[in-house]
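Note sheet for the following structure.
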């Protein structure tokens, strides 16, 4: 029995990238190096990467304990679609400010593991 791919992940042929480029000569070179790290200390970025890897390495049932909901879009999610096809990605949404209206609550959901995730991500956001 071979490897099976969920059909929800398969892009329709008309939406797939074309294998050839007719002319890319007019595409300008954009230097993004001034934007890199936004003056954030490298040690803080390293800690951010460690907690992110730890979180996304957790079992799905652990990550889904902080799953985003319709009334609160902050938290973990792995179901997103592009052109009606499910994307292969996991995301964790958070905000530096929390607020609430009648229809929506913007409140961070921090997992218990890794234990310093909320602190480290908040620190990166403040820089």
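In full-length UniProt numbering, the protein residues as written are 1 to 127. Note that beta-carbon positions come from the ideal geometry of N, C-alpha and C, so glycine has one too. A quick note: this is a predicted structure, and the numbers were derived from the prediction, not measured.
If only uninterrupted beta strand (DSSP E) runs of at least 3 residues are considered, those enclosed by the UniProt domain "Non-haem dioxygenase N-terminal" (37-112) are 75-77, 91-93.
The C-alpha of residue 41 lies about 23 Å from the C-alpha of residue 56. Ranking 53, 106, 26 by CA distance to the CA of residue 97 puts 106 first. Residue environment analysis places residue 10 among the exposed positions, since fewer than 16 neighbouring C-beta atoms fall within 10 angstroms of its C-beta. Across the structure, residue 48 and residue 92 are spaced so that their CA atoms are roughly 13 Å apart. Rounded to the nearest whole angstrom, the C-alpha separation of residue 108 and residue 101 is 15 Å. The beta carbon of residue 79 is closer than 8 Å to those of 86 in its chain, skipping five residues each way along the sequence. Around residue 68, the same chain offers 74, 75, 76, 77, 93, 109 as residues with beta carbons nearer than 8 Å, after the five sequence neighbours per side are excluded. In the three-state DSSP reduction, residue 3 falls in the coil class, being neither helix nor strand.
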